[in-house]
C-alpha cells in the first residue's frame, strides 16, 4: 500500500503528524494501525457512555416538562 495513501487516511482520521510518522516508520504497520484503531474505539465507547447520560437527562427533562416536576 502506498505510504501517501496511508498518511492521508491517518490524517483524515485525526492522527497527529507524530503518530503518522511513527506509523510509517514502524516495520509492522498493520499491528500499529490495529492498535491505533483499538485506542480510538475505546474513546468512542467512552463518548457513547457520556452521550447516553446526556440522552437520559434530556428524556427526564422532557418528561418533567410534560408531567410536571416529579424528580427532585
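Numbering (the working numbering), first residue to last: 465 to 536. Ideal Cβ positions, reconstructed from N, Cα and C, are used throughout, including at glycine.
Here the C-alpha atom of residue 486 lies approximately 12 Å from the C-alpha atom of residue 467. Judged by beta-carbon spacing, residue 482 lies beyond the 8 Å limit of residue 474, meaning their Cβ atoms are not closer than that value. Counting along the chain, residue 490 sits inside no alpha helix (DSSP H), nor does DSSP assign it H or E at all. In the same chain as residue 512, and ignoring 5 residues on each side of it, no C-beta atom comes closer than 6 Å to its own.
Judged by beta-carbon spacing, residue 488 lies within the 8 Å limit of residue 470, meaning their Cβ atoms are closer than that value.
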